[in-house]
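Novice: Here the working numbering = 1-based position in the sequence shown + 16. Note that CB positions come from ideal geometry on N, CA and C, so glycine has one too.
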Amino acid sequence: MSTSLRKSGLKMVSPQEVAFALKRGGKVIDIRPQVEYSGGRIPGAVSIKFFRLIEGWGLMKIARRGVYAFFGILNGTEFNDRFFDEFETEVPRKNETVILYCNIGGTLDPTGPSEFGQQSRSLSAAYELLRAGYKNVQVLKGGYNEWKKSGRDIEFEE
């Protein structure tokens, strides 16, 4: 995935670039689960969850919940099968610039023992959107955590 993202020229943007894009009316998409979005977000960001809480009680869903629980994760997630429809509603033109963020943002730069960088939800979403034909996808470097660390405004649920 990281090799494909590098080849695509995916741009990692700073909090300052995100703030500038928002002032110009740019699209900023928070792909985190609802509980994280509600707990604080970039003002003006739209929530389109890339993953959602596991829904349903089929055998595979129960097994999946069990694996998450084994690792101490009580709120396991799965791919949001409505992600592309929700994204297309918000971003109908595939050539429109859009900035994605999750908590950590990830990196394509080699980190520690990994030559492939640090994978994240926003990088995974960017990869899928580029495969779906979107042309100008960007990712907030450092994600929401970097936004907060930079001292920028945060918005909460009312």
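Looking only at its own chain, which residues have a Cβ that is under 7 angstroms from the Cβ of lysine 110, when we skip the five neighbours before and after it?
Specialist: Gly149, Tyr150 and Lys151
Novice: In angstroms with no decimal places, state the Cα-to-Cα distance between glycine 92 and glutamine 32.
Specialist: Across the structure, glycine 92 and glutamine 32 are spaced so that their CA atoms are roughly 33 angstroms apart.
Novice: Could you have a look at serine 30 and say whether DSSP puts it in helix, strand or coil?
Specialist: coil
Novice: Are valine 83 and glycine 60 closer than 8 angstroms when you measure CB to CB?
Specialist: no
Novice: Suppose contacts are defined by Cβ-Cβ distances below 8 angstroms. Is methionine 17 in contact with glutamine 135 by that definition?
Specialist: yes
Novice: Would you decide whether tryptophan 73 is buried or exposed? Buried here means 16 or more other CB atoms lie within 10 Å of its CB.
Specialist: Note on tryptophan 73: under 16 other CB atoms within 10 angstroms of its CB, so exposed under the neighbour-count rule.
Novice: Rounded to whole angstroms, what's the CA-CA distance from methionine 76 to lysine 157? Just pull it up for me.
Specialist: Taking the straight line joining both Cα atoms gives about 34 angstroms.
Novice: Of the residues Lys23, Ser30 and Ser24, which one's Cα is nearest the Cα of lysine 165?
Specialist: Ser30
Novice: I'd like the list of long-range same chain contacts for serine 54, defined as Cβ closer than 6 angstroms, with 5 residues on each side in sequence excluded.
Specialist: Non-local beta-carbon contacts of serine 54 in its own chain, meaning distances under 6 angstroms to residues more than five positions away in sequence, involve Glu173 in chain order.
Novice: So isoleucine 115 is in the beta strand (DSSP E); what residue range does that whole segment cover?
Specialist: 114 to 117
Novice: Less than 8 angstroms between the C-beta atoms of glycine 42 and threonine 113, yes or no?
Specialist: Taking 8 angstroms as the Cβ cut-off, glycine 42 and threonine 113 qualify as a contacting pair.
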